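Take a look at the structure set out below.
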Amino acid sequence: MVMMSGADILLESLKRLGVDTIFGYPGGAVLPLYDRFPAHPEIHHVLVRHEQAAGHAADGYARASGRLGVALATSGPGATNLVTAITNAQMDSVPTLFITGNVIRALIGRDGFQEADITGITMPTVKHNYLVMQAQDIARTIAEAAYLATTGRKGAVHVDIPKDVFIEQAEFEWPEHVSVRGYRIPGKADAESVREAAAIINAAERPVIFAGHGIIQADAAEELRRFAERGGIPILNTLLGLGGIPQDHALSYGMMGMHGSYWANHTASAADVIIGLGMRMDDRAMGRFADMNPTAKIVHVDIDPAEHGKNLFTLCPVVGDVKQVLPQLTDAIEKRSHVEWIRWIDTLRSEHRHSMMVPPGNELTTQYAVSKIAEFAGREAIFTTGVGQHQMWAAQFMDISRPRQFITSGGLGTMGFEVPAAMGAQAACRDRQVWTICGDGGFQMTFQEIATMVDERLPVKMAIMNNGFLGMVRQWQELFHNDNYVSVAMSQPDFVKIAEAYGIRGIRVSDQSQVEDAIREAAADPGPVILDFQVTAEENVWPMVPSGAALKETIEGPQRVTR
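Its first residue numbered 6, the sequence shown is counted upward by one per residue in our numbering.
In structure tokens, the structure reads:
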């Protein structure tokens, strides 16, 4: 019988799971745990500068690597600082484990110093959570939590442990098998739903695939390609589905949705059969639900049956793991080419390609900057973004063609995600170049993590698209609120001096002619680098589907929106 403290049991459990990196911040309730880190050198603790950043770093780590991301915080404000990151990971179905300390058991519910009911607070924002009241339960709980986070529809799981449970002695018993009552992991689809789906697809004249984040999370890119090629079916990607198919593939037609291409949105609106694969049919991708494409027959493959029919009527719901279901469908459908349908889409793309081009001229635009970064970094690089205009331009112009190449906040839309997520991605993939495309507003929410990058020798390249505005908010105020700019113009610090303060290189780019040299200089530097791209101030993202509009109402370029 091996007796250990609760802290040792926790760390030994994480090692059994293959966890080698934890992003965290110490505090009183977790000091007994930190006291034991030196005895477990196999786990590297990354000391962040803010708990929210620990959570986003764990998120970025998981998205870049496909492995479990882990974040750690103390009780009270440490735990509540994780809430945004927890919600972000859960909204995007990212396999993450969030561990918090709590006050000692005798003080729970008595408003002890730095007490917060973090189990209650996070209950609506996690896949599952636990309050562990005995050291003997830690190993089983951690095994179960990791199992839930990384299987089925992946997501965020939270484990809260009181301080004295870390100190308590118990026998270490690692469960060889994990089974959770009532929890079933869908695998292959049942034969009847596959036959029904195949019949609908085979009868289609204008089928289209909506490929979502589930393709990336399930490592199903190859299965997607084979399915699409056999059926001759064009592919549209959601924002988080980018990378599921190379953009130069003959059946790849890019991103759909609020800032998707004109041809992608009209293809979605003209299809007679829609095949949703690992995606939520959410409002940013679908536009106005009632008029998305009311006559199309929808086949929806998702591991979570709760998504079927949630926003759009699903004629044929298929429950299963998309990686296992796609080979079933590939075998069941007929080999087709859909020549006329593909020709129609190609013509539409040719006629409207101008609306997705880098603006001509010599002005330094975000579109130009991000396209050049992508060109120089290549497909093996990892790109993270914040949320806003720069995010949409990155999605439009960065040739995202590889799974886990593009990491961004989708469902929650979290500003400040870009820097810590890039830090986590770099920690997971030290052999890849990591660039983060930052808004000047979002960058200032979490740039304190530059200190962590310096300590950890993580050479993230931070490209700030500095337009002096909260760009997407300004765009909406221009288009929908009669140019009434309220609280969107931002005075900026000297970002190059911020770089100098952290002891890293800072490069100011104020002219288009300087862009390529600046990117080369940053890429050659062995450490983190800030690039301050002083881009045009009042550019808008086009194409655009106005809020509450249908995809077929996509606007290609500047005009007053009356909706």
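Note that the Cβ used here is the ideal one computed from N, Cα and C, for glycine as well.
All values reported here derive from a predicted model rather than from experimental measurement.
ARG409 is the residue among ASP445, TYR30, ARG409, MET397 whose C-alpha sits nearest the C-alpha of ALA386. In this chain, the beta strand (DSSP E) harbouring GLY281 covers 278–282. According to DSSP, LEU463 shares a beta bridge with no other residue. In the three-state reduction of the DSSP assignment, ALA555 falls in the strand class, which pools E and B. Around the CB of GLN394, 16 or more other CB atoms lie within 10 Å, so the residue is classed as buried. By the criterion of at least three beta-carbon pairs nearer than 8 Å, the stretch 274–287 is not in contact with the stretch 123–137.
When only Cα atoms are considered, VAL550 and ALA468 end up about 27 Å apart. Annotation note: the stretch 34–71 contains the following uninterrupted beta strand (DSSP E) runs of length 3 or greater, listed N- to C-terminal: 49–52.
In the three-state reduction of the DSSP assignment, ARG115 falls in the coil class.
Less than 8 Å divides the Cβ of CYS321 from the Cβ of ALA202. Under a 10 Å Cβ-count criterion, THR300 is classified as exposed, with fewer than 16 other Cβ atoms of the shown protein chains found around its own Cβ.
The C-beta of LYS340 has fewer than 16 other C-beta atoms within 10 Å across all chains shown, which makes the residue exposed. Contact check for TYR258 and ARG354: beta-carbon distance about 7 Å, within the 8 Å limit, so the pair qualifies. Pairing ARG289 with GLY246 gives a Cβ-Cβ distance that is not under 8 Å. Listed in chain order, the alpha helix (DSSP H) runs fully inside the stretch 283–334 are 288–291, counting runs of at least 4 residues. Residue state for ARG510 is assigned as strand, using DSSP reduced to three classes. DSSP places GLU176 in the strand class (E or B) of the three-state scheme. In terms of Cβ geometry, ASN471 and PHE500 form a close pair [threshold 8 Å]. Residue ALA209 holds the alpha-carbon nearest to the alpha-carbon of ILE303 among ALA209, THR370, PRO332, GLY236. Under the 10 Å beta carbon count, SER376 is surrounded by 16 or more other beta carbons and is classified as buried.
The DSSP-derived three-state label of GLN453 is helix. GLN119 is positioned such that its CB atom lies no closer than 8 Å to that of THR89. Note on MET8: under 16 other CB atoms within 10 angstroms of its CB, so exposed under the neighbour-count rule.
Here the stretch 41–54 makes no contact with the stretch 206–221; the two share fewer than three CB pairs at distances below 8 Å. Considering only ASN367, ASP169, ALA225, THR101, the residue with the shortest C-alpha distance to VAL24 is THR101. Exclusion of the five residues before and after ILE280 leaves ILE214, VAL304 as the residues of its chain whose Cβ lies within less than 6 Å of its Cβ.
Of THR92, SER98, PRO82, PHE103, the smallest CA-CA separation from ALA76 is found for PHE103. According to the DSSP secondary-structure assignment, GLN539 is paired through a beta bridge with ASN471.
As the crow flies, the alpha-carbon of GLY32 is around 11 Å from that of ASP40. Judged by DSSP in its simplified three-state form, SER10 adopts strand. Nearest to SER515 by C-alpha distance, out of LYS193, THR371, LEU241, is THR371.
Put simply, the backbone Cα of ASP296 is about 10 Å away from that of GLU558. The beta carbon of ILE338 sits closer than 7 Å to the beta carbons of ALA203, ILE206, ASN207, ARG235, GLY236 from its chain, once the five residues preceding and following it are set aside; these are given in chain order.
A straight-line Cα-Cα distance of about 15 Å links THR352 and MET361. Assigned with DSSP and collapsed to three states, GLY160 falls in coil, not helix or strand. Selection GLY444, ASP488, LEU15, TYR66 evaluated against THR146 yields LEU15 as nearest (Cα-Cα).
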